[in-house]
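All remarks here apply to the structure that follows.
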Amino acid sequence: ANVQLNTAPSIKNLSSNSNVASGEMTIKFSTDEPALAKIEYSSGLADLSNVIDVSAGFSTSHQITLHGLSPSSLTYYRITVVDGADNSSQLDAQGKLAPPPVSGLGAYPGDNEVGLIWDVTPNAAGYRIYRSADAGVAFTLANPNILVTNKYYTDELVSNDTSYIYRVTSVDPDGNESEEGVAVTITPSATLAGPTEIAGGLIDVNTVWLKSRSPYEISAKVKVQAGVELLLLPGTEVNFTQADVAIYLAG
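Just so you know, we're using my numbering here: the sequence shown kicks off at 25 and counts up by one.
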């Protein structure tokens with residue numbers, strides 16, 4: 025007699041990303057055989073009252089976006105998959121909405137140095153800096169051991185005449201990481217080594233001064249427009265070469 029073994033499909037490669045600003049969480053997973061999938065979810069594991077079909081047909085790749093989630097509580101969910109022989113399996117998981125993507129990222133080149141600055145993300149515990157030196161094929165975490173808690177970062181592990189792409193993500197106190205924001209591309213150069221001459225004028229866009237471009241030799245009055253930031257990263261030196269010369273903040 026023939027013996028038929030029925031094995032339930034396995035749920036693998038579960039991942040999720042989310043955005044607290046939109047109240048959305050996207051969940052992705054795969055199965056080791058074609059299967060139908062559904063997801064039950066709510067703010068409590070004992071009452072998974074919301075049910076959505078993930079897959080319209082049998083598939084090994086599955087993705088669903090949950091909407092209208094609470095920004096301050098965990099979302100619990102249960103994934104159920106069923107194959108063509110009605111064998112089924114389940115997986116319980118949970119997640120919390122991550123901070124919104126980092127905005128306002130700017131990069132400033134120096135001599136074997138890059139300075140980064142970005143807008144503060146509300147409720148972020150810190151930031152992760154990702155760097156690529158191969159046109160975005162692979163990204164390396166520039167701060168693997170500790171989160172950056174400021175809104176700026178100085179990267180001195182770079183080489184002149186190499187083009188770098190940077191991305192910054194925010195991380196909340198629970199360890200949830202945001203999606204990647206807009207990337208920036210920058211190339212440090214030996215021609216940018218200090219001293220840097222500043223012959224006065226108006227600074228009307230956010231600007232970063234770097235240690236490798238120091239000293240900044242200021243020979244005339246400099247005015248920083250209202251609402252604009254001039255950020256001197258650690259190690260930056262400024263010299264006023266004339267009497268009665270200063271940096272003025274408007275407003």
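We put the CB at the ideal spot given by N, CA and C, even for glycine. Predicted model, so just to flag it, every value in this text is computed and none were measured.
query, result
"Closest Cα partner of Glu200 within the set Ser39, Gly160, Ile51 and Lys120", "The question names Glu, but residue 200 is Asn in the sequence shown. Nearest C-alpha to Asn200: Lys120."
"Any non-hydrogen atom of the ligand SAH closer than 6 Å to Val161 Cβ", "As far as ligands go, the structure on display features none, and thus does not contain the ligand SAH."
"Beta carbon of Ser236 nearer than 7 Å to that of Glu137", "yes"
"Runs of beta strand (DSSP E) wholly within the stretch 26-101 (minimum 3 residues, chain order)", "35-43, 48-66, 74-77 and 83-90"
"Cβ-Cβ distance between Pro146 and Ser202 below 7 Å", "no"
"Straight-line Cα distance separating Gly47 from Ala61", "23 Å"
"Validate contact between the stretch 51-67 and the stretch 98-107 using beta carbons, cut 8 Å, 3 pairs", "yes"
"Candidates Pro33, Leu171 and Lys245: closest to Ala148 by CA position", "Leu171"
"Same chain, Cβ closer than 8 Å to Tyr176, neighbours up to 5 away in sequence not counted", "Gly139, Leu140, Ile141, Trp142, Val232, Leu255 and Leu257"
"Which of helix, strand or coil DSSP assigns to Ala214", "helix"
"Cβ-based burial, Gly205 [other Cβ within 10 Å; buried from 16]", "buried"
"Segment contact, 8 Å Cβ cut-off, at least three pairs: the stretch 149-163 with the stretch 85-105", "no"
"C-beta atoms of Pro95 and Val44 nearer than 7 Å", "yes"
"Which of helix, strand or coil DSSP assigns to Lys247", "strand"
"Residues of its chain near Asn41, where Cβ-Cβ distance is below 6 Å and the 5 sequence neighbours each way are ignored", "Thr50 and Glu203"
"Nearest neighbour of Gln266, chosen from Ile210, Leu69, Ala250 and Ala244 [CA to CA]", "Ala244"
"Gly259 versus Gly218: straight-line alpha-carbon distance, rounded", "12 Å"
"Exposed unless 16 or more other CB atoms sit within 10 angstroms - verdict on Gly130", "buried"
"Paired residues, beta bridge with Asp179 - DSSP", "Val138"
"Contacting residues, own chain, Cβ-Cβ under 7 Å from Asp185 (five flanking each side not counted)", "Thr211 and Ser213"
"Phe163: first and last residue of the uninterrupted beta strand (DSSP E) it sits in", "Careful: Phe163 lies outside any beta strand (DSSP E) and carries neither H nor E."
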